[in-house]
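Colleague: Adding 44 to a residue's 1-based position in the sequence shown gives its number in our numbering. C-beta atoms are modelled at their ideal positions from N, C-alpha and C, and glycine is treated no differently. This is the structure, below, for whatever I ask next.
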Amino acid sequence: MVHGRISRLSVRDVRFPTSLGGHGSDAMHTDPDYSAAYVVIETDSEDGLQGCGITFTLGKGTEVVVCAVNALTHHVLHKDLRDIVGDFRSFYRQLTSDGQLRWIGPEKGVVHLATAAILNAVWDLWAKQEGKPLWKLLVDMDPRMLLSCIDFRYITDVLTEEEAYEILQKGQVGKKEREKQMLTHGYPAYTTSCAWLGYSDTTLKQLCAAALKDGWTRFKVKVGADLQDDIRRCRLIRDMIGPEKILMMDANQRWDVPEAVEWMSKLAEFKPLWIEEPTSPDDILGHATISKALAPLGIGVATGEQCHNRVIFKQLLQADALQFLQIDSCRLGSVNENLSVLLMAKKFGIPVCPHAGGVGLCELVQHLIIFDFISISGSLKNRMCEYVDHLHEHFKYPVIIKQASYMPPKAAGYSTEMKEESVQKHQYPHGEVWKKLLPAQED
Ligand SMILES: [Mg+2]
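Shown next, in the form of structure tokens:
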């Protein structure tokens, strides 16, 4: 049973100097330092359990997120955890509808990232107290209780609470078998780690060969900076993986709408399953135009990692603007808001293929997609979860990949807890790693 009054909330700026090796680089983000605003909540309970939550940024942005977390802290301190999870919808709304802070949102941008970090910590603590990994907490939860965590405001024109209840009720059928299937085979993954834009062809070849050897069958390549480079890199990777394996492309918002269509027509010969983020993440109708234009070429559109909230996802679905929906565990308002998006995707029959390119994102989102398969989608058709192979060593319960699949986590919680020594070492700007790097950067 959940218990305890929240007595402390701390937030730290933790950064990893990934830009030094070009890891994570793409057409728009050429020098990312994968980072997290790392929230820890403690209660007055004697069990000593802590709730850990993160949100992800590319470096400097974490400073701003940390400020926003501090601005929201008063909503959390001295609250009884039972009251929070007993009426989670109200608590979610309290954070997202703060009368003064919502002006810098609402439910978008920095203040929403901060909300995600805090709520991720609450979910971690809840799951830890129940002694279950988060996916299992969700799978075992009564459907009415699950729905009481979701804010349906602004989405009832496409999904009412009753419709959501019916989806969850239908999902009960065959649930046990699907859970067993997950525990035995895991959830299929694809790798983005071979083909960051900043990698040389030699590196790309080496990493691709190693991934093939490890059993990977689905690959994503970054595109969008230079067409001739893209053609060369896509040919190289397609030649290496052969015609049968799956290839995706990711432009990270680089193009205008007509440019996206034209550029992708030139890359169509490499048979990509999807083009991800072809244009501005806010351009719903632009995504619809691109989807329509690329459909005859057999190329779908994928987006979501910078989709602000459930309202934008709703419209992307309504406008037939995406064929693959990419939730992100740290962009939306935590599990609460992601649940509403998973349910809407089910209603529209659109496969969810989570975004996980960042620090900790694989650790978190695996819980959501495993739950989605067991309790909502019931299908693996056209579905897979992103995987990147770095920074897992900083987490207490790192992901386990077997045969290119995510194996369901067994430890209680949301897999959000970082190793304290890693946090201290990478804390910005006074951690050991940054003390060494910062003077060099000033030269
Ligand atoms: Mg992407």
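For ligand 1, any of its heavy atoms closer than 6 angstroms to the Cβ of residue 294?
Modeller: Taking the sequence shown and counting its residues from 1, the one referred to as residue 294 is at position 250. At least one heavy atom of ligand 1 is nearer than 6 angstroms to the Cβ of residue 294, so yes.
Colleague: Heavy atom of ligand 1 less than 6 angstroms from the Cβ of residue 461, yes or no?
Modeller: Translated into positions along the sequence shown, residue 461 becomes position 417. Not so, every heavy atom of ligand 1 lies at least 6 angstroms from the Cβ.
Colleague: Is residue 277 close to chain D? Criterion is C-beta to C-beta, closer than 7 angstroms.
Modeller: In summary, chain D is missing from the structure at hand, where a single protein chain is found.
Colleague: Within its chain, find whatever has a CB closer than 6 angstroms to the CB of residue 289; leave out the 5 residues flanking it on each side and keep chain order.
Modeller: The residue you call residue 289 lines up with position 245 of the sequence shown. The residues are 261.
Colleague: What do you get for residue 287, buried or exposed, if any count of 16 or more other CB atoms within 10 angstroms of its CB means buried?
Modeller: The residue you call residue 287 lines up with position 243 of the sequence shown. Exposed, since its Cβ has fewer than 16 Cβ neighbours within 10 Å.
Colleague: Rounded to whole angstroms, what is the Cα-Cα separation between residue 456 and residue 167?
Modeller: Here residue 456 refers to the residue found at position 412 of the sequence shown. Here residue 167 refers to the residue found at position 123 of the sequence shown. If I take the Cα positions, the gap works out to 11 angstroms.
Colleague: Mind checking whether residue 291 and residue 263 have CB atoms under 7 angstroms apart?
Modeller: Translated into the one-based positions of the sequence shown, residue 291 becomes position 247. Translated into the one-based positions of the sequence shown, residue 263 becomes position 219. In contact: residue 291 and residue 263 (Cβ atoms closer than 7 angstroms).
Colleague: Going by alpha carbons, who is nearest to residue 374 out of 121, 160 and 336?
Modeller: Counted from its first residue, the sequence shown places residue 374 at position 330. The residue from 121, 160 and 336 with its alpha-carbon nearest to that of residue 374 is 160.
Colleague: How would you call residue 113, buried or exposed, if buried means at least 16 neighbouring beta carbons within 10 angstroms?
Modeller: As a first step, residue 113 is located in the sequence shown; it is residue number 69 there, counting from the start. When all chains shown are included, residue 113 counts as buried.
Colleague: Which whole runs of the beta strand (DSSP E) in the region 162-219 are 3 residues long or more, in chain order?
Modeller: List check, beta strand (DSSP E) in window: nothing returned.
Colleague: Output the boundary residues of the beta strand (DSSP E) element that contains residue 233.
Modeller: Along the sequence shown, one-based indexing puts residue 233 at 189. Where residue 233 is concerned, the enclosing beta strand (DSSP E) stretches over 231-235.
Colleague: Less than 6 angstroms between C-beta atoms, sequence neighbours within five positions excluded: which residues of the same chain meet that for residue 212?
Modeller: Walking along the sequence shown from the start, residue 212 turns up at place 168. 187, listed in sequence order.
Colleague: Are at least three pairs of beta-carbons, each pair with one atom in the region 142-159 and one in the region 103-122, less than 8 angstroms apart?
Modeller: By the Cβ test, the region 142-159 is in contact with the region 103-122, since at least three Cβ pairs between them sit closer than 8 angstroms.
Colleague: Which two residues bound the contiguous alpha helix (DSSP H) that contains residue 134?
Modeller: For the purposes of this step, residue 134 is taken as the residue at position 90 of the sequence shown. Counting along the chain, the alpha helix (DSSP H) containing residue 134 begins and ends at 132-140.
Colleague: To the nearest angstrom, report how far apart residue 134 and residue 127 are at their CA atoms.
Modeller: As a first step, residue 134 must be located in the sequence shown, where it is residue number 90. As a first step, residue 127 must be located in the sequence shown, where it is residue number 83. Their Cα atoms are separated by approximately 10 angstroms.
Colleague: With C-beta atoms as the reference, is residue 379 less than 7 angstroms away from residue 389?
Modeller: The residue given as residue 379 occupies position 335 in the sequence shown. The residue given as residue 389 occupies position 345 in the sequence shown. Against a cut-off of 7 angstroms, the Cβ pair of residue 389 and residue 379 comes out as no contact.
Colleague: Mapping DSSP to helix, strand and coil, what is residue 80?
Modeller: The count along the sequence shown starts at 1 and reaches residue 80 at position 36. Residue 80 falls in the strand class under three-state DSSP.
Colleague: Restricting to Cα atoms, I'd like to know which of 310, 64, 293 and 326 is closest to residue 316.
Modeller: As a working note, residue 316 is residue 272 in the sequence shown. Here the closest residue by C-alpha is 293.
Colleague: What are the uninterrupted segments assigned as alpha helix (DSSP H) that are 4 or more residues long and contained completely in the region 405-438, given in chain order?
Modeller: 405-415
Colleague: Beta carbon of residue 398, beta carbon of residue 356: below 7 angstroms?
Modeller: By one-based count along the sequence shown, residue 398 stands at place 354. By one-based count along the sequence shown, residue 356 stands at place 312. Contact: no.
Colleague: Let's see if you can read the secondary structure: which residues bound the alpha helix (DSSP H) around residue 272?
Modeller: In the sequence shown, the residue the question calls residue 272 occupies position 228. Taken as a continuous stretch (DSSP letters only), the alpha helix (DSSP H) holding residue 272 covers 271-285.
Colleague: Inspect the beta-carbon positions of residue 453 and residue 177 and report whether they are closer than 7 angstroms.
Modeller: What you label residue 453 is simply residue 409 of the sequence shown in a count that begins at 1. What you label residue 177 is simply residue 133 of the sequence shown in a count that begins at 1. Yes, these two residues count as a Cβ contact at 7 angstroms.
Colleague: Compute the minimum distance between the beta carbon of residue 86 and the heavy atoms of ligand 1, and state whether it is under 6 angstroms.
Modeller: In the sequence shown, counting from the first residue as 1, residue 86 sits at position 42. Residue 86: no, Cβ never under 6 angstroms from ligand 1.
Colleague: Between the beta-carbon of residue 105 and the beta-carbon of residue 240, is there less than 7 angstroms?
Modeller: Locating residue 105 in the sequence shown gives position 61, where the first residue counts as 1. Locating residue 240 in the sequence shown gives position 196, where the first residue counts as 1. Going by C-beta atoms, residue 105 is not nearer than 7 angstroms to residue 240.
Colleague: I need the boundaries of the alpha helix (DSSP H) containing residue 247, first residue and last residue.
Modeller: Residue 247 sits at position 203 when you count from the first residue of the sequence shown. From DSSP, the alpha helix (DSSP H) with residue 247 extends over 245-257.
Colleague: Taking DSSP's pairing of strands, which residues face residue 54 in a bridge?
Modeller: Here the question's residue 54 lines up with position 10 in the sequence shown. According to DSSP, which records beta bridges pairwise, residue 54 is partnered with 84.
Colleague: With 16 as the cutoff for other CB atoms within 10 Å, does residue 45 come out buried or exposed?
Modeller: If you number the sequence shown from 1, residue 45 lands on position 1. Residue 45 is exposed by the Cβ-count criterion.
Colleague: Taking its Cβ as the centre, do 16 or more other Cβ atoms sit within 10 Å of residue 411, making it buried, or is it exposed?
Modeller: Here residue 411 refers to the residue found at position 367 of the sequence shown. Classification for residue 411: buried.
Colleague: Name the one or two DSSP bridge partners that residue 94 has.
Modeller: Position 50 of the sequence shown holds residue 94. Paired residue(s): 86.
Colleague: Does the distance from the C-beta atom of residue 190 to that of residue 391 stay below 7 angstroms?
Modeller: Along the sequence shown, read from residue 1 onward, the residue named residue 190 stands at position 146. Along the sequence shown, read from residue 1 onward, the residue named residue 391 stands at position 347. Going by C-beta atoms, residue 190 is not nearer than 7 angstroms to residue 391.
Colleague: Beta-carbon within less than 8 angstroms of residue 79's beta-carbon, same chain only, minus the 5 sequence neighbours each way: which residues are those?
Modeller: Mapped onto the sequence shown, residue 79 falls at position 35. If we look at residue 79 and ignore the five residues flanking it on each side, its Cβ neighbours are 57, 58, 59, 60, 100, 101, 102, 103, 105, 106, 403 and 472.
Colleague: Give the secondary structure of residue 345 by DSSP, where H, G and I count as helix, E and B as strand, and everything else as coil.
Modeller: One-based indexing of the sequence shown puts residue 345 at position 301. Three-state DSSP puts residue 345 in a strand.
Colleague: Residues in the same chain with beta-carbon distance under 6 angstroms from residue 237, minus the five sequence neighbours each way, listed in chain order, please.
Modeller: To locate residue 237, count along the sequence shown from 1; it is residue 193. The residues are 432 and 433.
Colleague: If I measure Cβ to Cβ from residue 352 and keep anything under 6 angstroms in the same chain, skipping five residues before and after, which residues do I get?
Modeller: In the sequence shown, the residue the question calls residue 352 occupies position 308. Same-chain partners within the cutoff: 152.
Colleague: Buried or exposed, going by whether 16 or more other CB atoms sit within 10 Å of the CB of residue 76?
Modeller: As a first step, residue 76 is located in the sequence shown; it is residue number 32 there, counting from the start. Classification of residue 76: buried, given that the 10 Å Cβ count is 16 or more.
Colleague: If you run the structure through DSSP and keep just helix, strand and coil, what is residue 308?
Modeller: Within the sequence shown, numbered from 1, the residue matching residue 308 stands at position 264. Correct three-state label for residue 308: helix.
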